[in-house]
Amino acid sequence: MNTDFDKLFLENNNIILKRKFPYIPLFLLVATIVLLAIALGMGVENSAKMPTLMIAFILATIGIIKLFITSKSLIYQPTNEKLTKRELFFELSMKELVTNMVEKEDIDYLLSKDRMNDNLPIKVTLHATASKSIIICRAYHFVPYSYEPITEYKIIKK
29 MNTDFDKLFL ENNNIILKRK FPYIPLFLLV ATIVLLAIAL GMGVENSAKM PTLMIAFILA
89 TIGIIKLFIT SKSLIYQPTN EKLTKRELFF ELSMKELVTN MVEKEDIDYL LSKDRMNDNL
149 PIKVTLHATA SKSIIICRAY HFVPYSYEPI TEYKIIKK
């Protein structure tokens with residue numbers, strides 16, 4: 029998960045950045061070992077030996093790369109829940125209203141007015157747990173080629 033939160037912000041709000049357990053890379057590496065054992069057990073004249081070794085090499089390469097590039101998740105420590113990211117988009121005419129709703133912590137209103145169209149110039153990014161025990165939100169305005177923040181991070185704890 030790509031976040032622009034700094035470590036101090038996360039620590040002050042009991043949020044940690046945790047790596048997921050690499051199940052798929054480990055499975056790929058075990059499959060590589062099995063294929064290598066099968067290939068080495070084949071005779072020299074067996075025509076399936078070279079393709080088996082090639083498949084084992086490809087699986088090992090993918091497994092090793094994925095082992096080092098595992099994704100990370102934001103975890104809210106008091107409830108041990110994962111924070112999921114959601115983006116809401118609004119028309120330019122709603123800029124002041126959206127800014128006020130973020131400042132007033134009225135996230136339900138923002139969710140009801142979301143246009144679900146990512147071509148709109150006002151964006152609100154929400155990071156929330158499933159139980160909504162913590163919500164982190166921030167409003168952005170699109171200026172050519174990027175979104176610039178128009179509010180500070182707002183942290184809503186319930």
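Each number in the numbering used here comes from the position in the sequence shown (counting from 1) with 28 added on.
By construction, the Cβ of each residue, glycine as well, lies at the ideal position given by its N, Cα and C atoms.
- One thing to note: T127 has its Cβ within 8 Å of the Cβ of A167.
- In the three-state DSSP reduction, L148 falls in the coil class, being neither helix nor strand.
- In the structure shown, T179 falls within a coil segment according to DSSP collapsed to helix, strand and coil.
- For E131, the secondary structure class from DSSP, reduced to helix, strand or coil, is helix.
- Boundaries of the beta strand (DSSP E) harbouring V171: I162 to V171, taken from the DSSP string.
- Collapsing the DSSP output to three states places I97 in coil.
- For L111, the secondary structure class from DSSP, reduced to helix, strand or coil, is coil.
- The distance from the Cβ of R47 to that of T98 is about 5 Å, consistent with a contact at the 8 Å cut-off.
- When C-beta atoms of the stretch 54 to 72 are compared with those of the stretch 98 to 109, fewer than three pairs fall below 8 Å, so the two segments do not count as touching.
- Counting along the chain, no beta strand (DSSP E) covers L54; the unbroken alpha helix (DSSP H) around it starts and ends at Y51 to G69.
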